[in-house]
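One structure below.
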Amino acid sequence: MPSWKLVSGLFIGFVGSLVVLVGVSYAMVSIPNENDAAKSQNNVYYWADGKQMVATGTGINRQNIDISQIPDAMQWAVISAENKSFYQDSGVDPMGILRAVANMARGGQTQGGSTITQQYVKNTYLSQQQTLTRKFKEMFISIKVGTKLNKKQILQGYLNTSYFGRGAYGIQAAAQTYYGKNAVDLTPSQCAVLAALLKGPTYFDPAGNADLDPSATPEANKQRSSERWAWILEQMHNDHHLSDTQYQEAKAHYPMPDGRKATRGMTGQISYLVDTAKKYVLAHSDITEAQFDRGGYQIYTTFKKDKVNALSAAVKKVQAQRLDPKHRDLDKYVQFGAASVKPNDGAIVALYGGDGYENGHFTNNADTSGVPVGSTWKPFVLAAAMEYGTYNSEGAGISPLSKYNGNDHLKVRKPDGSYYLNKDNSTFYQNNESPHPWGYITLRKAMEQSINTPFVQLGVDVGMTHVRDVAKSAGILPQSMSVDLNPSFAIGTSTPSAIRMADAYATFAASGKQADPYSVTAVKTNGVDAPSFTKPKPSPKEAMDPNIANNVTDVLQNVIQNGTGQNAKSLGRTAAGKTGTTDKNKSAWFVGYTQQLSTSVAMFRENPKDHKLLSMNGTAGKDSIHGGDIPTLVWTEYMKAALKGANDLGFPSATEIGKVQDEAGAPSPTPSVTITPSQTPSNSPSPSPSVTTPSPSPSTSDTCQWSWGNPCNGNANGGTNTGGTTGGTDPSPSVTDTTGTGGNTRGNGNGTIFGGPTG
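Residues 55 to 813 (my numbering) make up the sequence shown, in order.
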C-alpha cells in the first residue's frame with residue numbers, strides 16, 4: 055500500500071503539472087485579429103487545359119467597421135438569437151465543449167452550443183475541422199479573448215467576420231449585398247433578417263440556394279427566413295431590446311432582401327461553370343461554404359473553353375433565328391439548359407446554364423431539376439424491356455421488334471387484365487400527339503415516331519420499378535425521378551438535370567459503361583493538393599449489358615435517320631438520339647450522342663415570378679414546340695463545332711436480342727410468303743408468280759429497315775412482273791415503303807406485296 059505522503063505527492067504533482075500545462079497553453083495562444091480575417095484571397099478556376107478561367111473573391115465584399123457603425127438592433131438581434139447571456143458569461147460554454155468532446159469520443163460530430171466569443175474565435179483563427187485539438191485550442195483562445203477584450207470589441211469582431219452568404223463576410227458587406235445600404239442605416243426588421251442568415255445562409259437566404267441543395271428553394275428559404283425573422287423580433291421584444299411600438303412596427307411586414315447580383319468576372323457562362331465546380335467541391339470534400347468563399351483555392355475543372363463557347367454560340371444563333379421576344383409575347387421567358395459529357399469518362403466538357411448572372415438569371419439551367427424530360431425517357435423503358443422482359447415473356451428479355459398497339463386514345467391494361475382508372479374512377483386513356491391510326495407496330499417504329507401508347511403499355515408490362523432501376527443504373531439520380539410510378543412515368547414525368555440526361559445517354563454510347571459526371575479534377579491550396587478534397591476521377595462501371603445498350607443505340611440511330619430527330623441528320627456523322635416533348639408543351643428536349651460526346655438540350659418557358667413552367671404553344675410562331683425542332687437544331691449546331699476534325703467512330707454493331715413478344719391481344723404473326731416459280735421457257739413472257747396473301751392484309755406502317763434481315767412485310771405499289779399485276783388495297787397509302795425481294799419491279803397498281811428476308 056502506498057503511503058499517504060506518496061499519494062498526496064503524486065496528486066499535487068499532477069495538479070501542478072496540469073496548472074503548468076494550462077498556463078503554458080494559455081500563454082502560447084494569441085488573440086485573433088479581425089483585420090487579418092478580412093484579408094481577401096482569390097479562388098482561381100482553370101480550364102481543362104490548365105489555363106486560367108477566372109479568379110473570384112476580389113475583396114470588394116469584405117469591409118470591417120467600428121461597433122459605432124453597427125446598429126444597436128443588429129447587436130441585440132444576434133445576442134437574443136445566439137447568446138442571451140453574452141454580457142454576463144465568460145465567453146466559454148464549458149457544457150457545450152464537454153458535450154462536443156463526449157460526442158467526438160463516441161465517434162460522432164461535434165455539436166453546437168458555442169458562445170459568440172467562441173464563434174468569433176472560429177471565424178478568425180481556427181479551421182472548421184472537428185477535432186479534440188481544435189476544441190481545446192478554441193477554449194484556451196476564447197478564455198484569453200474574454201480576459202483581454204471587452205464585450206463590445208468581441209461583438210464587433212464577431213459581426214465583422216461572420217459569413218452571411220452570397221460571398222458576404224461581415225455586417226457591412228451583408229447590408230450592401232442584401233439591402234444595398236450601409237450597415238448603419240439598417241432597420242430593426244432588416245437586422246432580424248440578416249441575423250437569421252447566421253443560422254445558415256444556404257437555407258435562410260430568400261433568394262434560394264437550390265444549386266447547393268435541392269431543398270433550398272426560394273420558396274422554402276423564404277418560409278424559413280420569415281419564421282426565424284419573426285422569432286428573433288419576438289426574442290428581442292421579450293428581452294426588452296425593442297419597445298412595444300418598435301416591435302409592432304418591425305413585424306408589420308417582412309423586408310424582402312434584394313435579388314442576387316453578379317460579381318466581377320461572374321458573367322456569361324463563366325458564372326454557371328463556377329457554380330457547377332463549386333457545388334462539386336463542396337459535395338466531395340469537408341470544405342464548408344464559408345471556408346470556400348474565404349478564398350485561397352485553385353480549382354482545376356473539366357470544362358473545355360472551345361466547347362463551352364460553341365454551345366453558347368449554338369443557343370444564341372438558334373434563339374436569334376427562331377425567337378423574337380420583343381415582338382411576340384409567347385417568345386418571352388424562353389430558357390435553355392444544356393450539357394455535354396464525355397462517354398466512358400463522365401467529364402463535363404461544356405454546359406449552358408442561362409443568360410448569365412449579369413442578366414439576372416442566377417439559376418443554373420444545366421444543373422437543376424424541375425423540367426420534365428418527356429419522351430427522352432422512352433429509351434430507359436426499352437432497355438428495361440430488353441433486360442427484364444414483360445410479365446408474359448416468362449422472364450426473357452423482349453426484342454425491339456415486338457409489336458404494340460400504337461393507336462391513339464387507348465386504355466392501359468394492368469397485368470391482371472383490368473384497366474387503369476382516373477382518380478374519379480373513370481377509365482384512363484393514354485393519348486398520342488396525333489390521332490394517326492398506327493395499328494400494331496414494332497417498338498422500334500414506335501421509338502422512331504415517338505408514339506406514346508406502346509411505351510406506356512410496355513412500361514406497365516415490364517414494371518415501372520424495373521424502368522426506374524434501369525434509369526438509375528444509367529446515371530439518373532433517384533431524387534429527380536417521379537415518385538408516382540403511374541403509367542405516365544414511362545413517358546417522362548421525371549425531371550433530371552441536363553447534366554444527368556447527357557450522362558445517362560453517355561451510358562448507351564459507351565456500350566453500357568456508366569461514369570458519374572464530374573467537373574473538377576483537383577483542388578489545391580498554395581499549389582498543394584487540398585487534403586480535404588478526396589473525390590477521385592469516377593471509374594466507369596457496367597450499368598447494363600453491352601448488347602442492350604448497343605440495341606438502344608441502334609434504335610436511336612433510326613430516330614435520327616427516319617424519325618422525329620431528322621433535323622440532326624445534317625450533323626453528317628453517325629449519331630443516335632431521342633426527342634422529347636411534354637404535356638401541354640411545357641418543355642422540349644433533344645438528347646443525342648456519338649462515341650465522343652453525349653449532349654442534352656432542354657427548352658422551356660418559365661414564369662419569372664413563381665418559376666412555374668408555361669406552355670410553349672405558339673412560341674416561335676408555331677402551334678407547338680417539339681424536341682425535334684429548336685432543341686435538335688441547337689444540338690446539331692453545337693455538335694458540328696464540337697466534333698469538327700474528329701473521326702466518325704460509328705457505333706459497335708448490335709446483335710439480335712430477346713424474343714419477339716407482342717402485346718397481349720395483338721393479331722397473330724403474319725403467315726410466311728408462298729411463291730410458286732414459273733416453268734415457262736426463258737423466251738416466253740413470265741407469268742406472275744402465285745402469291746399467297748393473308749386476309750385481311752395486316753395494318754402496318756413499318757418501313758422494314760431492320761438491321762438483322764428478318765422477314766417482314768413491305769407495302770409497295772403492286773408490280774408488273776413477279777410482284778403481281780394488280781395487287782390489292784394498300785392499308786397505309788400515305789406511307790411509302792420499299793418492296794421486298796418478292797417483287798422485282800414496282801408497278802402502278804396500288805397494292806400490297808410481301809417481301810423476303812431483306813424486307
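The C-beta atom is built at its ideal place from N, Cα and C for all residues, glycine as well.
How would you label residue i, buried or exposed, when you count the other beta carbons within 10 angstroms and need 16 or more for buried?
i, result
"V582", "exposed"
"S57", "exposed"
"A102", "buried"
"P550", "buried"
"D819", "Residue numbering for the chain in the displayed model covers 55 to 813; residue 819 lies beyond these limits and cannot be assessed."
"K138", "exposed"
"A450", "exposed"
"Q302", "exposed"
"S542", "buried"
"S624", "exposed"
"A374", "exposed"
"T110", "buried"
"S641", "buried"
"R348", "buried"
"R220", "buried"
"L703", "exposed"
"P532", "exposed"
"Y473", "exposed"
"G626", "exposed"
"A368", "buried"
What residue from the options has the CA that sits closest to residue i's CA?
i, options, result
"K305", "I286, Q323, N639", "I286"
"S565", "M440, I602, L384", "I602"
"I495", "P721, D360, H307", "P721"
"P592", "A576, T633, K386", "A576"
"Q97", "Q345, L296, C245, I225", "The question names Gln, but residue 97 in the sequence shown is Asn. Measuring from the Cα of N97, the nearest candidate turns out to be Q345."
"G631", "N671, T561, G471, Y483", "T561"
"A229", "G699, P426, A249", "A249"
"N485", "L497, Q503, K465, D470", "K465"
"E487", "N506, M501, V372, L497", "N506"
"N459", "R376, T444, S134, F509", "F509"
"V814", "G699, L213, M555, E136", "This structure does not reach residue 814, given that the chain is present from 55 up to 813, and the question cannot be answered."
"N661", "V425, F644, M440", "V425"
"V714", "G443, T690, A563", "G443"
"A237", "P260, I225, V247", "I225"
"P585", "K361, I341, H294", "I341"
"M598", "D385, S527, T256", "S527"
"S279", "V247, Q289, N263, K202", "V247"
What is the residue span of the alpha helix (DSSP H) that residue i lies within?
i, result
"L405", "Note, L405: premise wrong, no alpha helix (DSSP H); beta strand (DSSP E) at 402-406."
"T299", "298-304"
"F509", "506-516"
"W689", "684-696"
"I286", "272-292"
"Y494", "Note, Y494: premise wrong, no alpha helix (DSSP H); beta strand (DSSP E) at 494-496."
"N177", "170-178"
"Y257", "255-258"
"Q244", "242-251"
By DSSP's criteria, residue i is part of a beta bridge. Which residues make up the other side?
i, result
"Q484", "L464"
"K432", "Beta-bridge pairing links K432 to no other residue."
"I124", "According to DSSP, I124 bridges with nothing at all."
"V388", "R659"
"W643", "G634, A656"
"A393", "L405, S654"
"N97", "T110"
"L667", "E660"
"N459", "Y494"
"I452", "K713"
How far does the beta strand (DSSP E) with residue i in it extend, from its first residue to its last?
i, result
"R659", "652-660"
"Q106", "106-110"
"G631", "630-635"
"V427", "V427 -> no beta strand (DSSP E), and no H or E assigned at all."
Does residue i get closer than 9 Å to chain C when you measure Cβ to Cβ?
i, result
"D340", "Of the protein chains in this structure there is only one, and it is not chain C."
Only counting runs of 3 or more residues, tell me where the beta strand (DSSP E) segments fall wholly within the segment 310-378, in order along the chain. 351-355
Complete runs of the alpha helix (DSSP H) confined to the segment 527-612 [at least 4 residues]: 552-563
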